[in-house]
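Under my numbering, the first residue of the sequence shown carries the number 90, and numbering increases by one thereafter.
Note that beta-carbon positions come from the ideal geometry of N, C-alpha and C, so glycine has one too.
Notes follow once the structure below has been shown.
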Amino acid sequence: MYSSDLEPETRHFDQSTALRKSIPPIIIDFLDDHHLAADLWEIAVSVFAVDRNLRRPALNTWRQGREWHRSIAVTIPLHNPEWWTRRVSDVEALLDWLTGDTWSLRFAQGAPVMSDISFLSNRDIGLEGHTVLFSGGLDSVCGVIDDLESSNDTLHAVSVSTNSRMEKQQKDIFDTLRGFQRRLRTWSAFKLQVRLDNPEDTARSRGFVFLTAGVLSAIARGTNSLRLYENGPGALNLALSRGQVGAQVARAVHPKTLRSMERLARSITGVSDFRIENRTFTLTKARMVERVPHRYDEALAASVSCDTGFSHHQEGAPAHCGGCTSCVLRRQALAAAGRDIPTPARGTPRRKRDHRRLMMWQAARLNHVLREGLSWKRMVQEFPDLVCDPDSFLPQRREALLALFQEYAKEWDLDAVTAELERISMENPG
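Written out as structure tokens, the structure is:
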């Protein structure tokens, strides 16, 4: 059951009909004997389904001062409701942070709905190695390649898809990369489709599902760590303007999010040193691209970095709109890295056509601050969200972030980037 202050009528959610989910067989084997982990998956997918079905206030109203905040109440059936009730505040705090809402969770007795059971054990398959999140976006593709090229590590990729287009794109890129590097051993594909009666597009809880899939996959393989790849500016995702507040900025892989997920993983496993590591936090997106050998250009071109890359309904159109925040940053990074990899565009939705200007304004603010001298105090005055990083009190972290954003700001002034921004402007007049 679920409801919100904006839609107070209680709705009943039947997971067997409203939610289609598929868990990789090797993970199912693990979940069958570890009900706390299975419960975490049930919480994540249930929250995502509710998040997608409860509308926020219309765009024009919250721009006029009305918050886009929702107060959401949800009851979720779990195998161990008493255990989770004792830790409900940790889950609620994470969801509040991710979505900008206020969540009130209640857990009832129930058996999680499982997928088909596999008859192979993890030992039979031989799953030694590191578990890595793989979205099929430019950052994750670059990060996986860099890990494979710079080490002898064996990697196991984990993806979550919400439609068949996304799943196919992820598998195609995985197959391409595996053709180069056999140490990219396996691909575990979680599938999740929600029946949308009242669709809400923001879906900030999507990151919770993605991280949960990664955590489950890592502990199912008997490891105590999960790797992911997101450039530092993208992970922190500072507000583009002072008008953006709270979770209007995505926080899926923010350091604070990762820290909260680590605590949940440690609670359900009893492993006190479980870690979620963003391997590329100290790099800009352009720097990540630069580190990838040119023989992987086909994989980089096939990656999708677009807010609406898999949700648009233009049959046969390119995946990228070309002008949303994600597309602009992708094109900026490829240009700054000197990579001649095109990003065919289908056209930017009208509501996203101001993203390029907002990103340029953010870069101008960064340059202005940095011209005054590398000062943590001045950076925090301009971008107060920096202090949300749990490690921002450490002197070495502050130095690393100042250097990172100095490099990022300089990239925006490169001639190649200026030319690419002009092309984006011409593609999206008005």
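task = May I ask you to list the residues that DSSP assigns as paired with residue 278?
result = 248
request  = Evaluate the contact criterion for the stretch 381 to 396 versus the stretch 239 to 250: three or more CB pairs, one atom per stretch, below 8 Å.
outcome  = no
request  = Mark residue 257 as exposed unless 16 or more other C-beta atoms lie within 10 angstroms of its C-beta, in which case mark it buried.
outcome  = exposed
ask   = Would a C-beta distance cut-off of 8 Å place residue 222 and residue 317 closer than the cut-off?
value = The answer is yes: Cβ separation under 8 Å.
message = Output needed for residue 472: all residues of its chain with C-beta closer than 6 Å, excluding positions within five of it in sequence on either side, in chain order.
response = 327
ask   = In its own chain, which residues sit with a C-beta less than 6 Å from the C-beta of residue 354, not counting the 5 before and 5 after it?
value = The residues 304, 363, in chain order, have a CB closer than 6 Å to that of residue 354 in the same chain once the five nearest residues on each side in sequence are set aside.
key: Backbone secondary structure at residue 295 - three-state DSSP   = DSSP places residue 295 in helix when its eight states are reduced to three.
query = I think residue 418 touches residue 374, with their Cβ atoms under 8 Å apart; what is that distance to the nearest whole Å?
reply = Taking the Cβ atoms as the reference, residue 418 lies roughly 6 Å from residue 374, within the contact range of under 8 Å.
ask   = Under three-state DSSP, which class holds residue 338?
value = coil
query = What's the gap between the Cα of residue 449 and the Cα of residue 497?
reply = 12 Å
inquiry  = Could you check whether residue 322 and residue 494 sit closer than 8 Å to each other, using their CB atoms as the reference points?
reply    = Yes, Cβ-Cβ distance for residue 494 and residue 322 is below 8 Å.
message = Does the contact criterion of 3 or more C-beta pairs under 8 Å hold for the stretch 259 to 276 versus the stretch 295 to 304?
response = no
task = Could you check if residue 128 is buried or exposed, using at least 16 other CB atoms within 10 Å of its CB as the buried criterion?
result = The residue is buried, with at least 16 neighbouring Cβ atoms inside 10 Å.
Beta-carbon spacing of residue 424, residue 407 below 8 Å = no
query = How long is the line joining the alpha carbons of residue 219 and residue 99, rounded to whole angstroms?
reply = 43 Å
query = Does the stretch 339 to 348 come within contact of the stretch 278 to 285, defined as at least 3 CB pairs closer than 8 Å?
reply = Verdict: no, contact absent.
query = From what residue to what residue does the beta strand (DSSP E) around residue 220 run?
reply = 219 to 222
request  = Report back the beta-carbon spacing between residue 411 and residue 516 to the nearest angstrom; my notes put them in contact at under 8 Å.
outcome  = Beta-carbon to beta-carbon, residue 411 and residue 516 are separated by about 6 Å, close enough to satisfy the 8 Å threshold.
request  = Would you tell me roughly how many angstroms separate the C-alpha atoms of residue 507 and residue 114, rounded to the nearest one?
outcome  = 48 Å
inquiry  = Restricting to Cα atoms, I'd like to know which of 233, 463, 289, 279 is closest to residue 271.
reply    = 233
query = Is residue 113 helix, strand or coil by DSSP?
reply = coil
request  = Assign residue 439 to buried or exposed, taking buried as 16 or more other Cβ atoms, counted over all protein chains shown, within 10 Å of its Cβ.
outcome  = exposed
task = Report the residue from 119, 269, 144, 120 whose alpha carbon sits nearest the alpha carbon of residue 95.
result = 144
task = In the DSSP assignment, find the beta strand (DSSP E) that holds residue 358 and state where it starts and stops.
result = Not the beta strand (DSSP E): residue 358 falls in the alpha helix (DSSP H), residues 344 to 358.
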